[in-house]
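Heads up: the structure comes next, in C-alpha cells.
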Amino acid sequence: MALRRRFGLVIFIILMGSVIGGLLGELFGLFLPEGPVKSFLTKYIRIGFSPIHMDLRILTLTFGFFIRFNFLSILFMIILSYLLKWVY
C-alpha cells in the first residue's frame, strides 16, 4: 500500500514539475525579446500520436494524445524529483 502511494506521489510531482516548467517557459516566451535565449526556452519536444477518427455510424470517436516538453519543464521535473528525495 505504501509503495502504491509513493509511486502516485512521484508521478504527481513529475507532472507538476512539467506543468510549472511549461507555464514558465510560455510566460518567458511572451516577455523575452527575440533572440537565442527565447528560442531556447520556448522550443519544445512533442511526443504523442495524431488524432484517430472512428466513425461508427451512430457515434464518432476521436482519440489523440500529445505531450509537449520544453527546457524549463524538464528542468523543473528534475528539480522537484530531487526535492522529493529530500522531503520524502
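So for the sequence shown, our numbering puts the first residue at 25; every next one is plus one.
Think of the CB as a built atom: it goes at the ideal place given N, C-alpha and C, for glycine as much as any other residue.
Note that the coordinates shown come from a computational prediction; the quantities given were computed from them, not determined experimentally.
*My understanding is that residue 108 touches residue 37, with C-beta atoms under 8 Å, so please give their C-beta distance in whole angstroms.*
Counting from 1 along the sequence shown, the entry for residue 108 is found at position 84. Counting from 1 along the sequence shown, the entry for residue 37 is found at position 13. The Cβ separation is near 5 Å, so the contact holds.
*Around the Cβ of residue 97, are there at least 16 other Cβ atoms within 10 angstroms (buried) or fewer (exposed)?*
Taking the sequence shown and counting its residues from 1, the one referred to as residue 97 is at position 73. Residue 97 is buried by the Cβ-count criterion.
_Determine whether the beta carbon atoms of residue 42 and residue 93 lie at a separation below 8 Å._
In the sequence shown, the residue the question calls residue 42 occupies position 18. In the sequence shown, the residue the question calls residue 93 occupies position 69. Yes, the pair counts as a contact, with Cβ atoms nearer than the cut-off.
_Are the CB atoms of residue 88 and residue 76 within a distance shorter than 8 Å?_
Indexing the sequence shown from 1 puts residue 76 at position 52. Indexing the sequence shown from 1 puts residue 88 at position 64. Yes, Cβ-Cβ distance for residue 76 and residue 88 is below 8 Å.
*Note down, in chain order, each residue of its chain lying with its Cβ closer than 8 Å to the Cβ of residue 72, except the 5 sequence neighbours on either side.*
Indexing the sequence shown from 1 puts residue 72 at position 48. 88, 89, 90 and 91.
*asked:* Looking at residue 66: is its Cβ nearer than 8 Å to the Cβ of residue 53?
replied: Within the sequence shown, numbered from 1, the residue matching residue 66 stands at position 42. Within the sequence shown, numbered from 1, the residue matching residue 53 stands at position 29. Yes, they are a contact pair.
*Since residue 40 and residue 104 are thought to touch, with beta carbons under 8 Å apart, how far apart are those beta carbons, to the nearest angstrom?*
Position 16 of the sequence shown holds residue 40. Position 80 of the sequence shown holds residue 104. Indeed they touch by this definition, with Cβ atoms about 6 Å apart.
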